[in-house]
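In the numbering used here, each residue carries its 1-based index in the sequence shown increased by 2. Glycine included, C-beta positions come from ideal geometry on N, C-alpha and C.
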Amino acid sequence: MVYKANVSQISDKVYTIPTSQLVNGILNLTVFDESENIVAQRLSFVQPQVLKLKQPSLKGTSLSLTPRDSNSFNIENNPAISSYLVSVTDNESENPEDDNSLPSTLWLTGDLTSKIYYPAQYFDENRNTDALDALLISEKWSRFNWQTIMSGTFPVIKYKPESYLSYKGKATKLGKPASEEEINLIFKMPDQGIKYNLIKTDKEGMFTLSGLVFEDSMAFSYQLNHEKANKNSVQVYFKPDFSFLPLRGNLPSTNYTLTKRQSTDQIPREIERAVSNKSSQTNLREKETLIEEVKIKAQKKDLTKKLNNELSSPLFRNGNETVFDFVNENQNAQASMNILQYLQGRVAGLQIQMQNGTYTATNRGGAVEFFLDEMRIDASQISTIPVSTIAMVKVIKGNFAGSFGGGNGAIAIYTRRGGITGSAAIDTTLPSNLKEVKLNGYDKEIPFKNGIYDEESAKSIPQDKRSILYWNPYLESKSGEPTIVQWYNNDDAKNFRVMIIGFDENNDFLYYNDVLK
3 MVYKANVSQI SDKVYTIPTS QLVNGILNLT VFDESENIVA QRLSFVQPQV LKLKQPSLKG
63 TSLSLTPRDS NSFNIENNPA ISSYLVSVTD NESENPEDDN SLPSTLWLTG DLTSKIYYPA
123 QYFDENRNTD ALDALLISEK WSRFNWQTIM SGTFPVIKYK PESYLSYKGK ATKLGKPASE
183 EEINLIFKMP DQGIKYNLIK TDKEGMFTLS GLVFEDSMAF SYQLNHEKAN KNSVQVYFKP
243 DFSFLPLRGN LPSTNYTLTK RQSTDQIPRE IERAVSNKSS QTNLREKETL IEEVKIKAQK
303 KDLTKKLNNE LSSPLFRNGN ETVFDFVNEN QNAQASMNIL QYLQGRVAGL QIQMQNGTYT
363 ATNRGGAVEF FLDEMRIDAS QISTIPVSTI AMVKVIKGNF AGSFGGGNGA IAIYTRRGGI
423 TGSAAIDTTL PSNLKEVKLN GYDKEIPFKN GIYDEESAKS IPQDKRSILY WNPYLESKSG
483 EPTIVQWYNN DDAKNFRVMI IGFDENNDFL YYNDVLK
């Protein structure tokens, strides 16, 4: 409910609804009589003339029409955007955004059930706001029914969103529930040694690992914290605490129909391009030398991401974290009195305050937890940690598996250790008396190869008809630096369709869909 008013006398006066606090989207207007019967109803769009779409600033554009040549542009730094989805396609290929774009999906087709012809046209730069208003006059609101609301029956959210992956565990000791026991989960991290995470069971021996974000699988061992029990006396069983719901409705509609192909039919251009692209990719894979590819990727691997993988265990990762790297970046942090003073003002929504001589931290009003090398500590201990001994700090928002408290997130501090500087060997040997458990995660991502012609020998492939020239669903931006996008031409591209999408802390989105010539 965004507006409600009682009109005692019907007249020809014009009433206005203030929109300063509203966001773009469909507004359902309903007029009731004194018996709460509906007498008039229509849909309208809030401020269609002023769409709250942020635009990135592209600088340093360098374009070439030479086949297989390099092109690039820079996205000017925006502190509110931590990552972008970026795609560059040959503008001669089909573009799904021309039919139903991201803005039209969020603001229009997501709320209406009837088929709309080219909904993207209502939100492009040449949009006709009167046409959008005419469309909404003929549409009906179907998200809820006022009669059922008036009778006290409210919509029920059957399937609530889940916070990434979660597993329920049950621990038994000698066949009986391990009631209120502390259990060490022991992770063997490649090239990183052994990491421990402590969990506690309830009276039935149950516990939950929630907020897990990992690909493929995650293996770890376990043991009771207070004693070295025989590996056969303690058992831990896991089952997924999430479910994937089957599609019970119809499949999405398509503009294509299945017909019998005639021998005289001409092959569509898009199919020719797809077949040629498949052949090109096969030729490229045959030319790659796997050993050299590994070396190149290892050299180019993001150092902060590498440090995060080295220091943090899977339980202390989620998709909404901000990482501060004091090994490869942020050398000016040494000038801060303590790490919380350094973080002040650097993370949206995080408030650092001094109370009774001790720094406290809140995220959106809720108190956050503190961890030192993934062990929970009190806020008063933070000021005693020299900044010079800190390798990395993670500000984790929302739920994550390493926290068994509230969902306000945490500040995780990681100290420098021998493995970072190379001054000490890393012991990756697990005790032999432990059992290993393996949990399944998300499907492993197959990376898109953007640097297709980084190696000169790759240019000898017969033809290149790629439609997608660049694709990165998670292009991270670095503080104070422009974000570089670089790609290679196919054989006949004349101009390039660029799409950039990003979201800030308030879920306001940045959207760019235009042609570079």
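### Message
Suppose only complete runs of 3+ residues qualify. What are the beta strand (DSSP E) ranges in the region 4–50, listed by chain order?
### Response
As far as the region 4–50 is concerned, its whole beta strand (DSSP E) runs of at least 3 residues are 28–34 and 40–47.
### Task
Compute the distance between the beta-carbons of S168 and F244, then report whether it is under 9 angstroms.
By one-based count along the sequence shown, residue 168 stands at place 166. By one-based count along the sequence shown, residue 244 stands at place 242. Cβ distance < 9 angstroms, so S168 and F244 count as in contact.
### Query
At which residues does the alpha helix (DSSP H) containing T210 begin and terminate?
On the sequence shown, residue 210 is found 208 positions in, with the first residue counted as 1. From DSSP, T210 is part of no alpha helix (DSSP H) but of the beta strand (DSSP E) over M208 to L214.
### Query
Does the Cβ of A426 have 16 or more other Cβ atoms within 10 Å, making it buried, or fewer, making it exposed?
Residue 426 sits at position 424 when you count from the first residue of the sequence shown. Since pLDDT at A426 reaches only 34, below the 50 mark, its modelled position is unreliable, and no value is offered.
### Query
Going by beta carbon distance, what residues of the same chain come within less than 8 angstroms of L67, once the five residues before and after it are set aside?
Locating residue 67 in the sequence shown gives position 65, where the first residue counts as 1. Closer than 8 angstroms at Cβ, skipping near neighbours: N491, A495 and K496.
### Message
I need the straight-line Cα distance from V236 to A221, nearest angstrom please.
### Response
Counted from its first residue, the sequence shown places residue 236 at position 234. Counted from its first residue, the sequence shown places residue 221 at position 219. Roughly 17 angstroms between the two C-alpha positions.
### Query
CB-CB under 6 angstroms to K525, same chain, minus the five flanking residues each way: which ones, in chain order?
This structure gives no information on residue 525, because the portion of the chain shown stretches from 3 to 519.
### Query
In whole angstroms, what is the alpha-carbon distance linking A133 and S140?
Taking the sequence shown and counting its residues from 1, the one referred to as residue 133 is at position 131. Taking the sequence shown and counting its residues from 1, the one referred to as residue 140 is at position 138. Straight-line Cα distance between these residues: approximately 11 angstroms.
### T364: first and last residue of the uninterrupted beta strand (DSSP E) it sits in
Position 362 of the sequence shown holds residue 364. Run containing T364: T360 to N365, per the beta strand (DSSP E) assignment.
### Query
What are the boundary residues of the alpha helix (DSSP H) that M152 is part of?
For the purposes of this step, residue 152 is identified with residue 150 of the sequence shown, where counting begins at 1. Unbroken alpha helix (DSSP H) run through M152: W148 to M152.
### Task
Determine the contact status of S46 and S469, defining contact as a CB-CB distance below 9 angstroms.
Within the sequence shown, the letter at position 44 stands for residue 46. Within the sequence shown, the letter at position 467 stands for residue 469. No, they are not a contact pair.
### K303 (DSSP reduced to helix, strand or coil)
Sequence index remark: in the sequence shown, residue 303 carries index 301 (1-based). Below a pLDDT of 50, predicted positions are generally treated as unreliable, and K303, at 49, falls in that range; the measurement from the model is reported next regardless. Note: K303 maps to coil in three-state DSSP.
### Task
Please say whether L55 and P105 have beta carbons closer to each other than 9 angstroms?
As a position in the sequence shown, residue 105 is number 103, starting the count at 1. As a position in the sequence shown, residue 55 is number 53, starting the count at 1. A Cβ-Cβ contact shorter than 9 angstroms links P105 with L55.
### Message
Taking the straight line between their C-alpha atoms, what separation do you get for L1 and I354?
### Response
There is simply no residue 1 to check, as the chain begins at 3 and stops at 519 in what is shown.
### Query
Going along the chain, which residues of its own chain have a beta-carbon closer than 6 angstroms to the beta-carbon of N227, five neighbours each way excluded?
As a first step, residue 227 must be located in the sequence shown, where it is residue number 225. These residues qualify, in order along the chain: E184 and N186.
### Query
Between R534 and D375, what straight-line distance do the alpha-carbon atoms span, to the nearest angstrom?
Residue 534 is absent from the structure shown; the chain starts at 3 and stops at 519.
### Query
In angstroms, rounded to a whole number, what distance separates the CA positions of D135 and R499?
Counting from one through the sequence shown, the residue named residue 135 turns up at place 133. Counting from one through the sequence shown, the residue named residue 499 turns up at place 497. It is roughly 30 angstroms from the alpha-carbon of D135 to the alpha-carbon of R499.
### CA-to-CA distance, K172 to M208, given in whole angstroms
As a first step, residue 208 must be located in the sequence shown, where it is residue number 206. As a first step, residue 172 must be located in the sequence shown, where it is residue number 170. Looking at the backbone, the Cα of M208 and that of K172 are separated by about 4 angstroms.
### Message
I'd like the list of long-range same chain contacts for L114, defined as Cβ closer than 6 angstroms, with 5 residues on each side in sequence excluded.
### Response
The sequence position of residue 114 within the sequence shown is 112, counting from 1. The residues are E141.
### Query
With burial defined as no fewer than 16 other Cβ atoms inside 10 Å of the residue's Cβ, what is the status of R366: buried or exposed?
As a first step, residue 366 is located in the sequence shown; it is residue number 364 there, counting from the start. Result: exposed.
### Message
On the CB-based measure, 16 or more other CB atoms within 10 Å of its CB, does P316 come out buried or exposed?
### Response
By one-based count along the sequence shown, residue 316 stands at place 314. With 16 or more other Cβ atoms within 10 Å, it is buried.
### Query
For the ligand FMN, any of its heavy atoms closer than 8 angstroms to the Cβ of G368?
Looking for the ligand FMN in the displayed structure turns up nothing, as the structure carries no ligands at all.
### Query
Do the CB positions of V90 and W489 come within less than 9 angstroms of each other?
In the sequence shown, residue 90 corresponds to position 88, counting from 1. In the sequence shown, residue 489 corresponds to position 487, counting from 1. Result yes, Cβ atoms of V90 and W489 sit closer than 9 angstroms.
### Query
Ends of the beta strand (DSSP E) at T91?
Numbered from its first residue, the sequence shown carries residue 91 at position 89. Looking at the DSSP string, the run of the beta strand (DSSP E) that includes T91 is S85 to D92.
### Task
Report the residue from E164, S390 and A381 whose alpha carbon sits nearest the alpha carbon of T331.
Residue numbering aside, residue 331 sits at position 329 when the sequence shown is read from its first letter. In the sequence as displayed, the identity of residue 331 is Glu instead of Thr. It is S390 whose Cα lies nearest to the Cα of E331.
### Task
With DSSP as the reference, please indicate the residues paired to N515 in a beta bridge.
Residue 515 sits at position 513 when you count from the first residue of the sequence shown. For N515, which the question treats as bridged, DSSP gives the partners M501.
### Query
When the distance is taken between beta carbons, is P121 closer than 9 angstroms to T131?
Reading the sequence shown from its first residue, position 129 is the one you call residue 131. Reading the sequence shown from its first residue, position 119 is the one you call residue 121. P121 sits away from T131, with the two beta carbons spaced by 9 angstroms or more.
### Query
Taking DSSP as the reference, what is the three-state secondary structure of I293?
Residue mapping note: residue 293 aligns to position 291 of the sequence shown, counting from 1. Reliability of the predicted coordinates at I293 is poor, the pLDDT of 34 falling under 50, and the value obtained from them is presented with this limitation in mind. Three-state DSSP puts I293 in a helix.
### Query
What do you get for Y476, buried or exposed, if any count of 16 or more other CB atoms within 10 angstroms of its CB means buried?
Here the question's residue 476 lines up with position 474 in the sequence shown. With fewer than 16 other CB atoms across the displayed protein chains lying within 10 angstroms of its CB, Y476 is exposed.
### M394 burial status per 10 Å Cβ neighbour count (16 or more: buried)
Position 392 of the sequence shown, counting from 1, holds the residue named residue 394. The Cβ neighbour count for M394, taken over all protein chains shown within 10 Å, is at least 16; the residue is labelled buried.
### Query
Any idea if K396 is buried or exposed, counting beta-carbon neighbours within 10 angstroms, 16 or more meaning buried?
Here residue 396 is taken as the residue at index 394 of the sequence shown, counted from 1. It is buried - the Cβ of K396 has at least 16 other Cβ atoms within 10 Å.
### Query
Mind checking P248: buried by the 16 CB within 10 Å criterion, or exposed?
Within the sequence shown, numbered from 1, the residue matching residue 248 stands at position 246. With fewer than 16 other beta carbons inside 10 angstroms of its own, P248 counts as exposed.
### Query
Since N79 contacts E483 with CB under 8 angstroms, what's their CB separation in whole angstroms?
For the purposes of this step, residue 79 is identified with residue 77 of the sequence shown, where counting begins at 1. For the purposes of this step, residue 483 is identified with residue 481 of the sequence shown, where counting begins at 1. That pair is a contact at about 6 angstroms.
### Message
Restricting to runs no shorter than 3 residues, where is the beta strand (DSSP E) found entirely within the region 123–149?
### Response
When DSSP assignments are scanned along the region 123–149, no uninterrupted stretch of beta strand (DSSP E) that is 3 or more residues long falls wholly within it.
### Query
Would you say D327 and N311 are within 9 angstroms of each other, going by their C-beta atoms?
The residue labelled residue 327 in the question sits at position 325 within the sequence shown. The residue labelled residue 311 in the question sits at position 309 within the sequence shown. Cβ atoms of D327 and N311: not closer than 9 angstroms.
### Query
Between the C-alpha atoms of S10 and F34, what's the straight-line distance to the nearest angstrom?
For the purposes of this step, residue 10 is identified with residue 8 of the sequence shown, where counting begins at 1. For the purposes of this step, residue 34 is identified with residue 32 of the sequence shown, where counting begins at 1. One C-alpha to the other measures close to 12 angstroms.
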